[in-house]
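For the sequence shown, the residue numbers in the working numbering are 718 to 1603. For each residue, glycine too, the CB sits at the ideal point set by N, CA and C. Written out below as structure tokens is the structure these notes cover.
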Amino acid sequence: MSVRNLESLFAPRSVAIVGVSARPGNLGAIVLRNLRQGGFRGPLWLVDRQEGEVDGLRVHAGVAALPEAPELAVVCTPAETVPGLIEALAARGTRAAIVLSAGLRQPGPDGRPLQQAMLDAARPALLRILGPNCIGVLVPRSRLNASFAPGQALPGAIAFVTQSGALATSMLDWSNAHGIGFSHFVSLGDSADVDFGDVLDYLASDGGTRAILMYMESLKHARKFMSAARAAARNKPVIVVKAGRAPEGARAAASHTGAMAGSDAVFDAAVRRAGMLRVGTLEALFDAAATLAHPPIWQGERLVVLTNGGGAGVLAADALALEGGQLATLGDATLQALDAALPANWSHGNPVDIVGDAPVQRYVDALRTLLAAPEVDGILFMHAPTAVVPAAVIAQACLPLLQGAGKAVLACWLGGNTVDAARRLFADAGFPCHGTPEHTVAAWMQLVHYRRNQQALLQLPDADPAELAVDRASAEALVRETLRLGREWLDEADAKEVLQAYGIPTVPTLRVRDAQEALDAAEELGWPVALKVISPQLQHKSDVGGVALGIASGDELRKAMIGMRQRLAVAAPQAHVTGFTVQKMLHRARSRELIAGIQEDAVFGPVLLFGEGGTAVELHHDSTLELPPLNLKLAQDMVARTRVGRTLGGFRGDAGVNQPAVFDALLRLSRLACDISSIAELDVNPLLADGAGVMALDARIRVRPPDADPSARLALRAYPSALEERVAIDGKPLFVRPIRPEDGRRLAAFYARARPADLRLRFFLAWREMPLSELARYCQIDYEREMTFIALDGDGIVGEVRAVCDPDNVQAEFAVQVDSGWQRHGLGRALLEKMLAWLRERGTREATGVCRRENAGMTALAHALQFDVSALDEETVAMRLRLTAG
718 MSVRNLESLF APRSVAIVGV SARPGNLGAI VLRNLRQGGF RGPLWLVDRQ EGEVDGLRVH
778 AGVAALPEAP ELAVVCTPAE TVPGLIEALA ARGTRAAIVL SAGLRQPGPD GRPLQQAMLD
838 AARPALLRIL GPNCIGVLVP RSRLNASFAP GQALPGAIAF VTQSGALATS MLDWSNAHGI
898 GFSHFVSLGD SADVDFGDVL DYLASDGGTR AILMYMESLK HARKFMSAAR AAARNKPVIV
958 VKAGRAPEGA RAAASHTGAM AGSDAVFDAA VRRAGMLRVG TLEALFDAAA TLAHPPIWQG
1018 ERLVVLTNGG GAGVLAADAL ALEGGQLATL GDATLQALDA ALPANWSHGN PVDIVGDAPV
1078 QRYVDALRTL LAAPEVDGIL FMHAPTAVVP AAVIAQACLP LLQGAGKAVL ACWLGGNTVD
1138 AARRLFADAG FPCHGTPEHT VAAWMQLVHY RRNQQALLQL PDADPAELAV DRASAEALVR
1198 ETLRLGREWL DEADAKEVLQ AYGIPTVPTL RVRDAQEALD AAEELGWPVA LKVISPQLQH
1258 KSDVGGVALG IASGDELRKA MIGMRQRLAV AAPQAHVTGF TVQKMLHRAR SRELIAGIQE
1318 DAVFGPVLLF GEGGTAVELH HDSTLELPPL NLKLAQDMVA RTRVGRTLGG FRGDAGVNQP
1378 AVFDALLRLS RLACDISSIA ELDVNPLLAD GAGVMALDAR IRVRPPDADP SARLALRAYP
1438 SALEERVAID GKPLFVRPIR PEDGRRLAAF YARARPADLR LRFFLAWREM PLSELARYCQ
1498 IDYEREMTFI ALDGDGIVGE VRAVCDPDNV QAEFAVQVDS GWQRHGLGRA LLEKMLAWLR
1558 ERGTREATGV CRRENAGMTA LAHALQFDVS ALDEETVAMR LRLTAG
């Protein structure tokens, strides 16, 4: 990821257009017209093969003839000329280029794709490239329209980023017609260099952007995207619509897990984990932006519908139910207050129908009651025009109440011209307005889903992660042996051994070659047993008669084996039978059949699946996905999102299952997915769960050659346990390790215990109580771009050092804090030295920090570690240390 030189792309001081002529329809001439009409204020130069003049401006013959280096170049020439032009621009010192040209995937004269030659030419000078094959970029506040879009963009606070050029032009036209303005309007095209991750990182810190909208068709760098998206989503709403929902990839999968974990569902999981919001249509994209750009005060999901039309209220309630929303149940006190304010024929429930003849005061009284009701979190205010009172009068009377409300309010003004004035009054006051009950409910559910995803970013698990005792070496040996034999699938017995190595209980299973060994195995395990065929060509054995259950005697076992071979000879003559497995039959009353597994997504790497298992697994489609690594809270949420998960606690006299055992199995699968990169697909179905725990009855594992860096395929970098160590400070043992989300309680106690003076030196202010949002930011770190080491004395934190790297990994800003009882003992130095070693290992060039002048301990430590220390102003000093060359 990199934001380097993106300022030159989005706010250039000078622009050159390469490929401008007076020929009709010339692309460069269109860009020139847009730049001039947009009011670009900096120097504007034109370049072509020959000197000339276009629109009163001189055309220079080649980049070398320009009077000085343009900060931004817009390239509009044939594909084969682009690499050479980029090389010439880089040599002149240009920092960014927009390549509108298409066709750069074809090979050039040297055999390299033209796009790669272009990137190779740009890289030495760090010249950033938007495109190729893009429309360009519009930044209204910079008066920049470096595009061939048909018109200008209105100024606004929404950034729109799209991969589709055709969509960019149509969306610009649509937004102008609807009065929607932009801070940035960016067409990425083929994203050879600048991609979604880069633009997200840039826009996340842009003060003029309140919300980021994205239209996506594909994604290349999952970890880069996830790091940027999580950072941006903490600062402002990030809303995405993604094309390509067809599950072609899922249809090619061999296991149930693979078939259920389609790429579109994986993208949903990634959006949820990053705290973004996904919507289904472009219209919904802008609806969400309008709602979230000025986010209302959020209390919860319980919605009340206030309406003067019963039918409209019912439609809203129906839409809410179909979307999985929650109607508030009105309490007795609220109902009594409404009874006192409303006529006898009001609806006496939610929706609150105040009847079609409602005067202004009836609206005001009902609103006042509902705003005061503790059981109501949000209000859907709905009005259908009547002849009783003008809608604008109702709006004027209700707005003072709503503007002081501590709850979310969405408005639905039904009708056209009659309610236009009321709609404008509400919209001008910052209340999102919609024209139908269904549309308004959809907007409410966008808020609900967005808040759920945002809350996931703030979740701090209560309990420490259990120590997962695993035998990674044994599992890896089984995988290596399968690969050595040239096989893609582990047989069932080996697959269960892998699960056992990771602590997931499996039904006792023995591998046999013939009838006699099968009999011996059955006697050892105890009757009744199940018999299953082993064949590398068969993954769904029951489909071809390769499974026999409930075998209770030796005669039944012999007959089952003979019959199985006969059926396979007809149903699967290509299958090579290498043996059988005999396993103990389990009969557990009131157990649930679940499925859990791992699937490798082409973009996001390993993905975890949980849901209802058994033979109807793909019929009911009751499953959910999550990206590893998991913690306990994520595992619990994963289970809660499924229908079967909501039954695990018991119902109708059923005591339920051992839910901690289910969560533990998911955590162990997550660890397995992170540890062994050779696992491409894993299917545990059924995973039997009851009050005693869980048991894997069947398992399939598909493998592939391992990655050189096992962690590289993870979209989210896992907890770096290798960085844990025990140290001695003044002879006292401490445990130093990276921070985890589970450390929220410890970190809060650490800050609460600190002296106000110490907090002021660290944060430049003294917290009374650390806000949850800050604790979440400090504990739920992205190990890809930041690190915090904490020192633990027993269960309590006594010191921390934190560093956040910029997206280019050029500079990292650090901070250190040590408990007052451990100060002046060398702990701060030990922590900072460990952080500096980590930064050097990852190639960060420079460590920087800022502290108050009065913080003599910090400045002394900085001097001791060879930092350059200089005054920033009268109160603060800067600390800077070069870590690597370059």
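In this structure G1314 is buried. Its beta-carbon is surrounded by 16 or more other beta-carbon atoms within 10 angstroms. In this structure the region 1179-1191 does not touch the region 1149-1159; the number of beta carbon pairs closer than 8 Å is below three. Pairwise C-beta distances place the region 1389-1402 out of contact with the region 1354-1367, as fewer than three of them are shorter than 8 Å.
Out of G1262, A1239, Y1219, Q1233, the CA that lies nearest to the CA of P1225 is found in A1239. As computed with DSSP, H1151 is found in a beta bridge with C1129.
With contacts defined by Cβ atoms closer than 8 Å, S1428 and R1421 do not form a contacting pair. Within its own chain, the residues whose Cβ lies closer than 7 Å to the Cβ of F1452, once the five positions on either side in sequence are excluded, are R1443, L1509, listed in chain order.
Counted as a single uninterrupted DSSP element, the stretch harbouring F1380 is not any beta strand (DSSP E) but the alpha helix (DSSP H) occupying residues 1376-1392. Secondary structure of T1226 (DSSP, three-state): strand. Each of D1415, P1346, R1430, D1512 was checked against the Cα of P1450, and the nearest Cα belongs to D1512. In this structure, F1098 sits away from A1144, with a CB-CB distance that is not shorter than 8 Å. Boundaries of the beta strand (DSSP E) harbouring T1298: 1296-1301, taken from the DSSP string.
Our two residues, L1598 and D1585, have alpha carbons roughly 6 Å apart in a direct line. DSSP places T1024 in the strand class (E or B) of the three-state scheme. Looking at the DSSP output, R840 sits in no beta bridge, so it has no partner there. The alpha-carbon of M931 is positioned some 52 Å away from that of L1285. Put simply, of R1189, V732, A746 the residue whose alpha carbon is nearest the alpha carbon of P760 is V732.
Sixteen is the threshold: when 16 or more other Cβ atoms of the shown chains lie within 10 Å of the Cβ of L861, as they do, the residue is buried.
In this structure, P800 is the residue among A807, P800, T811, L843 with its C-alpha nearest to the C-alpha of Q823. The Cβ-Cβ distance between V1401 and V1379 does not fall below 8 Å.
Residues A1289, Q1291, A1292, H1293 of the same chain have their beta carbon placed closer than 8 Å to that of Q1254, with the five preceding and five following residues left out of the count.
In the DSSP assignment, the residues bridged to E770 are R775. Taking a cut-off of 8 Å for Cβ pairs, the region 1373-1387 and the region 1205-1223 touch, as three or more such pairs fall below it.
Spatial neighbours of C793 in its own chain (CB-CB distance under 6 Å, excluding positions within 5 residues in sequence) are listed in chain order as G736, L744, G745, L817. In this structure, V911 places its C-beta atom within 8 Å of the C-beta atom of L847. Between the region 721-728 and the region 753-771, the count of C-beta pairs closer than 8 Å stays below three; the two stretches do not touch. Listed in chain order, the beta strand (DSSP E) runs fully inside the region 994-1072 are 1019-1024, counting runs of at least 3 residues. If you keep only unbroken alpha helix (DSSP H) runs of at least 4 residues inside the region 850-934, you get 882-894, 913-921.
If you keep only unbroken alpha helix (DSSP H) runs of at least 4 residues inside the region 1418-1478, you get 1461-1470. Across the structure, H1338 and A982 are spaced so that their CA atoms are roughly 12 Å apart. For the 8 Å CB-CB criterion, S922 and C851 do not form a contact. In the DSSP annotation of this structure, D1510 is not part of any alpha helix (DSSP H); the continuous beta strand (DSSP E) holding it starts and ends at 1503-1510. Between the alpha carbons of T1046 and E1092 lies a distance of about 7 Å. Residue pairing from DSSP places H1100 in a beta bridge opposite W1130.
Assignment of alpha helix (DSSP H) within the region 1563-1600, counting only whole runs of 4 or more residues, yields 1573-1581 in chain order. Between L1087 and V1069, the C-beta gap is smaller than 8 Å, which places the two residues in contact.
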